[in-house]
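Encoded as structure tokens, the structure appears first; notes follow it.
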Amino acid sequence: MKILRHHVRDAEHRSYVPYSGKPRAAVILLSNGDWVCGVRIENACYPLVIPALTSALVSAASLGRRDVVAISVSDHFKDEDLTFIQQAVHQPLDQLQPDLLGLDHHAHHVGEPLSACQESSSVITSQTGIHLARRAIQYAHTPESDFPVGSIAVTDDHHYYQGVNIEYPDWTKILCAERAAIASAISHGDRHIKNIFVSAPKSLEITPCGACRQVIYELAPNATVWMDRGGEMIDHFHVKDLLPGGFTLKRTSGQNGSIIHSHPTCK
489 MKILRHHVRD AEHRSYVPYS GKPRAAVILL SNGDWVCGVR IENACYPLVI PALTSALVSA
549 ASLGRRDVVA ISVSDHFKDE DLTFIQQAVH QPLDQLQPDL LGLDHHAHHV GEPLSACQES
609 SSVITSQTGI HLARRAIQYA HTPESDFPVG SIAVTDDHHY YQGVNIEYPD WTKILCAERA
669 AIASAISHGD RHIKNIFVSA PKSLEITPCG ACRQVIYELA PNATVWMDRG GEMIDHFHVK
729 DLLPGGFTLK RTSGQNGSII HSHPTCK
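If you read the sequence shown in my numbering, its first letter stands for residue 489, the second for the next number, and so on.
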């Protein structure tokens with residue numbers, strides 16, 4: 489499908505790849521012709537890099553869409569990608585090309601992008617943001633933990649993006665709800681995240697995990713994180729308080745044009 493490949497190439501420039509400089513994108517085609525994109529999102533803590541395929545699959549699932557009929561990527565499918573896809577969509581794989589995978593040979597129509605971005609006509613208050621995060625929980629898939637979480641990432645221009653935790657048999661592919669919402673925002677070109685709302689109704693003490701704190705620290709350093717734990721009290725934290733002394737990685741030119749790394753911490 490040429491048009492699917494076109495959407496992949498168009499999405500690549502939204503990748504966040506300050507360390508490798510190698511943009512990657514993936515586009516998922518759904519059964520009604522809607523499609524969802526995901527991009528590679530790097531982090532100074534390299535193991536927390538979000539691959540483009542993971543970003544796309546989790547973004548679709550966070551909107552309740554698992555009816556995948558085709559996937560296109562900007563490079564090539566790897567063996568672990570195919571294993572992950574089968575875990576995520578529960579369908580046999582066929583029509584495999586290096587950068588295009590068909591899961592349903594009847595799917596030919598490519599329509600409009602699925603609207604992962606929602607826009608509010610007014611400022612999203614703490615109550616509204618928590619309501620949206622609670623509503624998102626219906627799409628969480630937590631067969632192992634039975635611990636559903638919903639999240640909303642809100643940008644400066646009142647756009648918001650939804651994320652939930654989706655558990656796969658390969659636990660290394662799991663994104664928490666916070667990272668799922670951030671990945672969706674960045675995949676759609678929205679990097680100015682102002683607030684992150686998180687709802688975890690099954691715990692009275694939950695806060696973002698260490699992995700989420702690191703990703704938020706780099707990708708939404710000026711955000712406020714709002715926590716709903718199923719009660720009436722809503723806590724909020726500034727990112728610098730969630731991760732004091734957080735790790736960053738800067739690239740600068742050294743002697744003879746070489747690249748050296750410095751690791752400053754939050755003051």
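In this text, a Cβ means the ideal position worked out from N, Cα and C, and glycines have one as well.
Check, Outcome
"Continuous beta strand (DSSP E) stretch holding phenylalanine 685: start and end", "681-687"
"Local Cβ density within 10 Å of arginine 623, reported as buried at 16 or more and exposed below that", "exposed"
"Buried/exposed call for serine 508, threshold 16 Cβ in 10 Å", "exposed"
"Contacting residues, own chain, Cβ-Cβ under 6 Å from proline 436 (five flanking each side not counted)", "Nothing about residue 436 can be read from this structure; the chain reaches only from 489 to 755."
"Histidine 646 vs isoleucine 612 beta-carbon contact at 8 Å", "yes"
"Pick from His494, His680, Glu706 and His629 that is closest to leucine 730, judged by C-alpha positions", "Glu706"
"Three-pair Cβ contact test at 8 Å for the segment 538-558 versus the segment 639-658", "yes"
"With 16 other Cβ atoms within 10 Å as the buried cut-off, status of serine 691", "exposed"
"Classification of cysteine 525 by the beta-carbon crowding that lies within 10 angstroms, buried from 16 upward", "buried"
"C-beta contact flag for isoleucine 538 and arginine 667 at 8 Å", "yes"
"Burial state of lysine 566, where buried means 16 or more other Cβ atoms lie within 10 Å", "exposed"
"Cβ-based burial, asparagine 531 [other Cβ within 10 Å; buried from 16]", "buried"
"Bounding residues of the alpha helix (DSSP H) (the contiguous stretch that carries isoleucine 674)", "665-675"
"Distance between glycine 521 and leucine 492 (C-alpha atoms, nearest Å)", "11 Å"
"Cβ separation of glycine 552 and tyrosine 627, assumed to be a contact under 8 Å, to the nearest whole Å", "4 Å"
"Leucine 602, DSSP secondary structure in three states", "coil"
"Bounding residues of the alpha helix (DSSP H) (the contiguous stretch that carries glycine 617)", "614-624"
"Nearest neighbour of proline 689, chosen from Gly617, Gly638 and Val515 [CA to CA]", "Gly638"
"C-alpha distance - leucine 536 paired with valine 703, whole-angstrom precision", "7 Å"
"Collapsed DSSP secondary structure at tyrosine 507 in the structure displayed", "coil"
"Length of the line joining the Cα atoms of isoleucine 529 and glycine 718", "31 Å"
"Glutamine 574 (DSSP reduced to helix, strand or coil)", "helix"
"Buried/exposed call for glycine 617, threshold 16 Cβ in 10 Å", "buried"
"Best match in His597, Ala576 and Asp587 for proximity to leucine 517 [C-alpha to C-alpha]", "His597"
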